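Structure, as structure tokens:
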Amino acid sequence: GAVVSQHPSRVICKSGTSVKIECRSLDFQATTMFWYRQFPKQSLMLMATSNEGSKATYEQGVEKDKFLINHASLTLSTLTVTSAHPEDSSFYICSARGPTGQGATDTQYFGPGTRLTVL
Amino acid sequence: DAKTTQPTSMDCAEGRAANLPCNHSTISGNEYVYWYRQIHSQGPQYIIHGLKNNETNEMASLIITEDRKSSTLILPHATLRDTAVYYCSSNNQAGTALIFGKGTTLSVSS
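See the structure below:
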């Protein structure tokens, strides 16, 4: 149980275009999902917290107009990187707060990640 | 900033126990400590979590000191597939999401 998927796993786009990444909780409902970014040889950096039916909460230094987050249902959150530039190339990972009843409710389960390359 | 600190790297022989330490002296009394591991180019995999008591599951054991200032993740019989970056994590200041330090790169060799 507690499986999270992401799509696509890998995307290459041209500078100036927008890219949408989907994050789904497959076997549980997640009122809260999270988006992280990871640059090579670095740790995960929290970008934003996504709550179903409300606006996302962005971490300091993350541009909300550039990284659009939509959490329209209890199993789906999307991250859209708008007007992507080469410096946005990174590994984007989502996670979902696990279902109640599986230990502490803060347990986050992570997706496999999306490798974005902007040319 | 992450509230956990870990050694940068550790080595372990296959079949031996791997003991990965984590310092979290600033976490509050009701904050859980979570352990994840990440194999190259994959999402982090949940391992175990704990608050005060020691915990054990099919993957590992977690030993938390009585003062909760540190903990140790134990992989009882490390295999080559346990080679990964291991993260000890806790909540951010808002208490809403997990944040990660730099982790420990564990290398298991035969």
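Protein chains in written order, with the numbering used here: chain A, 4 to 122; chain B, 841 to 950. The beta carbon of each residue, even a glycine, is placed where N, CA and C say it ideally should be. A quick note: this is a predicted structure, and the numbers were derived from the prediction, not measured.
Item: With a threshold of 7 Å on Cβ separation, who are the neighbours of A107/A within its own chain once the five nearest residues in sequence on each side are excluded?; Value: Residue placement at A107/A cannot be trusted, given a pLDDT of 48 that sits under 50; the coordinates are not used to answer.
Item: 8 Å is my cut-off, CB to CB: does P43/A come that close to chain B?; Value: no
Item: Closest Cβ-Cβ distance between I867/B and chain A: below 8 Å?; Value: no
Item: For V6/A, I'd like the list of residues in its chain whose CB is within less than 6 Å of its CB, leaving aside the five on either flank, ordered along the chain.; Value: L29 and D30
Item: For P89/A, does the count of other Cβ atoms within 10 angstroms reach 16, so buried, or fall short, so exposed?; Value: exposed
Item: Please report the distance separating the alpha-carbon of L913/B from that of N893/B.; Value: 13 Å
Item: Excluding sequence positions up to five away, which residues of its chain have a Cβ less than 6 Å from the Cβ of I904/B?; Value: G890 and S911
Item: Between the alpha carbons of N73/A and T81/A, how many angstroms are there, rounded?; Value: 5 Å
Item: Can you grab the Cα-Cα spacing for the pair G966/B / T35/A, in whole Å?; Value: Because chain B spans 841 through 950 in this model, residue 966/B falls outside it and cannot be assessed.
Item: Does the beta carbon of A937/B come closer than 8 Å to any beta carbon on chain A?; Value: yes
Item: Output needed in chain order: residues of the stretch 76 to 97 of chain A with a Cβ under 9 Å from some Cβ in chain B.; Value: F94, I96 and C97
Item: Under three-state DSSP, which class holds D91/A?; Value: helix
Item: Can you check whether the C-beta of P884/B is within less than 8 Å of a C-beta belonging to chain A?; Value: yes
Item: So, at 6 Å on beta carbons, what are the nonlocal neighbours of R118/A in its own chain, with the 5 sequence-adjacent residues on each side left out?; Value: R13 and F94
Item: Of the residues that make up the stretch 20 to 37 of chain A, which ones have a beta carbon closer than 9 Å to any beta carbon in chain B?; Value: T35 and F37
Item: Scan the stretch 889 to 903 of chain B for residues whose Cβ lies nearer than 7 Å to a Cβ of chain A and list them as they occur along the chain.; Value: H889
Item: In the DSSP assignment, the beta strand (DSSP E) including D851/B goes from what residue to what residue?; Value: S849 to A853
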